[in-house]
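Asks: Handing you this structure, nothing more for now.
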Amino acid sequence: MHYTKIWFGLFAILGSLGGRDCRPASGSLEAMQLGDFMLGGLFPVHQSFKITNTTSSPIQHVCEKFTVSRLIQSLAMIEAVEAINKPPMLKDLTFGYKIMDTCSDVTTALQHTDIFMDKNSGRTNSLFQAVIGEYHSEVSIAVARYLTMGYMPQISYGSTAGVLSDKTRFPTFRRTVPKDDHQAKAITEILRYHNWTWIGIIATDGDYGRYAADQLEAHANSKNIYASYRVVLPDFLNDESLDSKLNETVKKIESTSKVQVIVSFAKSHHMACLFEKLTPNASGRFWIAGDSWSTSLDVLNNRPLNEVGKILGIIPFSGDSSHFIRYLDNLDLNPDSQSNNTILQHFIKGELNKSRTTKEIRETLKKAVCPSAVFSVWLTVRFVANAVKDICSRKTCRGGFDIQRSELNDALANTMFTMDNEKYSFSNYGDLDTGYDINIWEAALENNAEGIKNVGLRTVARYMIKNESMFFLNDKQRNRLENSRVISRCSPSCPPGFRRVFSEDKPICCYECAKCPVNTFSNKTDAGECIDCPKNFWSKENATICSPQTPIFLSWKHEYCITILVFACLGLLLTLIVMLVFLVRHDTPVVLAAGGPISILILLSLLGTFTSAILFGGKPTCIQCQIGQVLFGLSFTLCISCILVRYFKVLLAFQNESAAKRVMKKLFLPYWIIGICVLIQGIICGLWLWLKPPKVLEDSVIRSELIIQCDEGSLLFFGLMLAFISLLALVCFGFAFLGRKLPKCYNEEKCISISMLIYIISWVVFCPIYANMVQLIKYKSTVQMVVMLFSAYGILICHFMPKCYIILLKSENNTKEFFKSGIREFTRRFRKSSRVDRRRAGPDRPESVFTIDSGIENIINRVYSNPYPTGTISSFHLSIENLPHEVNVSADSLYEFSVSSGSSAEMNEENQQQQTLSGSQKLLLKIKNNRTEFRRTSSVPNF
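Here my numbering is used: the first residue of the sequence shown is 105, the next is one more, and so on.
Put into structure tokens, the structure is as follows:
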């Protein structure tokens, strides 16, 4: 049955080729072995090709430049398949292969891929389960796009382009080598570990050299490692400019003595030419070899290693390749026996034509073995074998047609196996993120002139891609590398007490050493920055340690702070006493005239002001500074706005009747006005706290002292807060001037004027003193506390002490009768003033003049209801001449007083205890019937 499957597979392959209108490129080589599960292989055995016939379809190609290293990789795939088949991993099922030479050409590779896809067989599935290859990224990208259409898995052993990790574009592509930029990261880690910050870079002018150099510079620069120079050599040896470029490179190495480490991504034959030209001044450098020549020991050209310098090589992880060496030892090199492997047959025939023996041919093959390259190919076959094994463990597999491509892709994504105590699996991007071996070249006999025979490779460390870290195999290997004692830096190390100073036109690794300034220190070599001394510490210039610093702040033990604390506590005590007096005597005329509930708000705000002054004492904190400033701003704004509203009520009550007055009456909402004023100040303080809040400022006028105090944070918002309070104070000052002629019991012009002047003068004097306190900076908080206390005491003494004096010591003045007499006196003075004004008006004035305000108008219409709530002041004056009686009507709802008249016989006082005013029926009727004879004018004098 086994042979039946093999013959079936052979006919399937032939069937897929039948009917094709194209054929492989001329000179294309291949190797084939049938099996139950077939693998396609793409290997660039030839490096290039040339077109021989453009008229045929397809165009004929001839492959050129056979490479033994790619032949070795194809043999590695054959050996891997044979190893899997003996003993079989899948019981009686075997793997087969069809390996084809792509000639490093995309078109040829796509022709071979078409065979693997089996498009012309008419079947929905292909005999081939997966494709191994190709080596070059350019070819693999084209093949991957084609294979994606059929969802066939592809595993490359050498393509390292980063774009192939994009699973959106290449969902079926995977590889067993790291992508390009991991090598640059590994070299960067080596440079960082040894603190080699000033390097040279040499690369060839090809995709590999330029891309690797770009990646190295990008990753190195992120670690503050820079290249002093970057030399790009021509990619081809027959380039006429190569010799001059090599001489230029040698001169560059000679002229940059500080650059002791050189990273090279050149090809091996370029490095051989460069080492031949090295002069004594250019020798002795530390070379880091990319994977393009890190194992090419023949680049020394028989020169002793110590003349060239030290060499460190980077190669991808490789496993045990001894099994492959044994395979080459047992390989039949008879060309007639290799009819199924025309690639090997072509090589053997070519070598025999050169009159070489079988032993020499075998040695040539063994010398071309690159362990990492062989291992990468071996891994590709192992991944497919383990994936197929996993699938067949869950279902019956009789051949390749029993496995769907989607099944194999999913199995490859989840495949994990262990080999030589190492676990292998693909990442989510289809990459094998293993790492690199770091090998150092060692000379066994330093004085031996046998050339490369005295040089060997020793693995000293490994770079792991998953965690991007390097580790040494053991301490002995660490010492082996660290004993090189190589220094490759642009600038010498800066000792403790110094810091590095960088220049804008130079890389960051080139710097000068500068002394650490005052209040900073550095206690290590090559300090990037001097460290600021901790709080309560200071230092001199060029210091390596900091000394304790004496803290200076407004301590509660200081005599100034104690004095301020006493006055602040006294203010709190007095305010509480006044508040208690007002609460106990809240229904007396003095308290009601002072504003009633509004006066309590004023006293509460003064408590806040006195408290805010206390917050500026002691050792400040950020919260303490912020609460102190904001509490003062809000509390004093509340205080001034309450005074403004209360006095504005009085002015409005005694103001002339006019349209403006009527509008103001309607708009006058005391608590709304107070709330709006406090809200505006709250917005200012809120923005202040949000954008640039007050904070603790630590300053040192004397280096050994640390002054700790509150800083405003933003002088703009601090000024806005004070300016808004000052604006309210000026408005109050203006109201006081307007109310200078009010009845004595309501006239607080002197109290308001004095208290507002105290506030304004205090803060006007405060500002320049506060801003210019440099030598006495530790007393700045004291100045602000004094000004705050002055402002609060001004309000407390001027506004409340006289009232407390009347309440406690002059109770006879705290009666309704006393306040009524004041109103009558004001009315008589106003009437006298009105008559004088009337006589000044001349004879044209009518004899009968009727002066009445809107309140009396409502009385006449018998619909009057006092528009002012209890606690407000309203007054009305009615003067009727040429009538039997003169009537004066006034009212003040504070005392629920209704009517007073010059002639009690004509007035009805039945509503004295109500808030509704009315006159006698007879008088009102008479006034109403004769209204047309009178002219209405303003009734309240101008104040």
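Glycine included, every Cβ here is placed at the ideal spot set by N, Cα and C.
Considering Leu251, what are the terminal residues of the alpha helix (DSSP H) in which it resides?
Replies: Ser241 to Gly254 is the extent of the alpha helix (DSSP H) around Leu251.
Asks: Taking the beta strand (DSSP E) that Pro420 belongs to, which residues open and close that run?
Replies: Note, Pro420: beta strand (DSSP E), Gly413 to Pro420.
Asks: Tell me whether Gly722 sits in a helix, a strand or coil according to DSSP, three-state version.
Replies: Three-state result, Gly722: coil.
Asks: Applying the criterion that 16 or more other CB atoms from any shown protein chain within 10 Å of the CB defines a buried residue, is Arg604 buried or exposed?
Replies: Buried.
Asks: Counting along the chain, where does the beta strand (DSSP E) carrying Pro655 start and finish?
Replies: Pro655 -> beta strand (DSSP E) spans Thr654 to Ile656.
Asks: Could you spell out where the beta strand (DSSP E) holding Asn189 opens and where it closes?
Replies: From DSSP, Asn189 is part of no beta strand (DSSP E) but of the alpha helix (DSSP H) over Val172 to Asn189.
Asks: Which term fits Ser994, buried or exposed, when burial requires 16 or more other beta carbons within 10 angstroms of its beta carbon?
Replies: Low local confidence applies: a pLDDT of 38 at Ser994 is under 50, so the model's placement there is unreliable, with the coordinate-based value given in what follows. So Ser994 ends up on the buried side.
Asks: Could you tell me the alpha carbon to alpha carbon distance between Arg807 and Lys639, rounded to whole angstroms?
Replies: Taking the straight line from one Cα to the other gives about 12 Å.
Asks: Can you tell me the Cβ-Cβ gap for Ile542 and Tyr567, rounded? I've got them flagged as a contact below 8 Å.
Replies: That belief holds up - the Cβ atoms of Ile542 and Tyr567 are roughly 6 Å apart, short of 8 Å.
Asks: Please specify which runs of the beta strand (DSSP E), each continuous and at least 3 residues long, are wholly inside the region 407 to 480, giving them in chain order.
Replies: Correct list: 413 to 420.
Asks: Just the Cα atoms here: how many angstroms apart are Ser915 and Leu680?
Replies: Taking the straight line from one Cα to the other gives about 21 Å.
Asks: Just to confirm the assignment, what range does the alpha helix (DSSP H) spanning Trp792 have?
Replies: That run of the alpha helix (DSSP H) goes Pro774 to Leu795.
Asks: In whole angstroms, what is the alpha-carbon distance linking Val354 and Asp347?
Replies: Taking the straight line from one Cα to the other gives about 11 Å.
Asks: CB-CB under 7 Å to Leu826, same chain, minus the five flanking residues each way: which ones, in chain order?
Replies: These residues qualify, in order along the chain: Trp867.
Asks: For Ile778 and Ile784, what's the separation of their Cα atoms in angstroms?
Replies: Cα to Cα, the separation comes out at about 10 Å.
Asks: What span of residues does the alpha helix (DSSP H) with Gln581 cover, start to end?
Replies: It spans Asp579 to Glu586 - the alpha helix (DSSP H) in which Gln581 sits, taken as one unbroken run.
Asks: If you pair each beta-carbon of the region 362 to 379 with each one of the region 510 to 523, do three or more pairs fall below 8 Å?
Replies: With the cut-off at 8 Å, the region 362 to 379 and the region 510 to 523 do not touch.
Asks: In terms of residue numbering, what span does the alpha helix (DSSP H) encompassing Ser895 cover?
Replies: Element bounds for Ser895: Lys884 to Ile899.
Asks: How is Lys644 classed by DSSP in three states: helix, strand or coil?
Replies: It is coil, neither helix nor strand.
Asks: So is Tyr201 buried or exposed if we call it buried at 16+ other beta carbons inside 10 Å?
Replies: Classification for Tyr201: buried.
Asks: How many angstroms separate the CA atom of Ser132 from the CA atom of Asp436?
Replies: Cα to Cα, the separation comes out at about 22 Å.
Asks: Taking the Cβ atom as the reference point for each residue, do Ser709 and Phe736 lie within a distance shorter than 8 Å?
Replies: Cβ distance not < 8 Å, so Ser709 and Phe736 don't count as in contact.
Asks: Could you tell me whether the region 314 to 329 touches the region 288 to 306, using the rule of 3 or more Cβ pairs below 8 Å?
Replies: As far as the Cβ criterion goes, the region 314 to 329 touches the region 288 to 306, which means the pair count is three or higher.
Asks: Let me know if Cys673 comes out buried or exposed under the rule of 16 or more other beta-carbons within 10 Å of its beta-carbon.
Replies: So Cys673 ends up on the exposed side.
Asks: Quick one: Cα of Ile977 to Cα of Leu687, how far?
Replies: Because Ile977 carries a pLDDT of 36, less than 50, the predicted location of this residue cannot be relied on, and the following value inherits that uncertainty. In a straight line, the C-alpha of Ile977 is about 21 Å away from that of Leu687.
Asks: By a C-beta neighbour count over all protein chains shown, 10 Å radius and 16 as the cutoff for buried, is Phe821 buried or exposed?
Replies: Buried, since its Cβ has 16 or more Cβ neighbours within 10 Å.
Asks: Over the uninterrupted alpha helix (DSSP H) stretch that includes Ser348, give me the two end residues.
Replies: Element bounds for Ser348: Leu346 to Ser359.
Asks: To the nearest angstrom, report how far apart Thr468 and Ala376 are at their CA atoms.
Replies: Approximately 20 Å, taken between the alpha carbons.
Asks: Residues in the same chain with beta-carbon distance under 7 Å from Val835, minus the five sequence neighbours each way, listed in chain order, please.
Replies: Leu748, listed in sequence order.
Asks: Can the beta-carbon of Thr276 be found closer than 8 Å to that of Gln258?
Replies: Against a cut-off of 8 Å, the Cβ pair of Gln258 and Thr276 comes out as a contact.
Asks: Identify the continuous beta strand (DSSP E) that holds Leu674 and give its terminal residues.
Replies: Here Leu674 belongs to no beta strand (DSSP E); instead the alpha helix (DSSP H) covers Glu663 to Val688.
Asks: Pop quiz: Ile569 and Gly539 are said to be a contact at Cβ under 8 Å. What is the actual Cβ separation, rounded to whole angstroms?
Replies: Rounded, the Cβ-Cβ distance is 5 Å, consistent with contact.
Asks: Under 6 Å Cβ to Cβ from Asn484, same chain only, skipping five residues before and after it: list those, please.
Replies: The sequence shown places Thr at residue 484, not Asn. Around Thr484: Ile236, Ile259, Tyr261 and Thr280.
Asks: Measure the C-alpha to C-alpha separation of Cys614 and Cys594 and round it to an integer number of angstroms.
Replies: About 5 Å.
Asks: Inspect the CB distances between the region 409 to 419 and the region 381 to 394 and report whether three or more fall short of 8 Å.
Replies: Yes, they touch.
Asks: In angstroms with no decimal places, state the Cα-to-Cα distance between Ala324 and Thr292.
Replies: When rounded, the distance between both Cα atoms is 5 Å.
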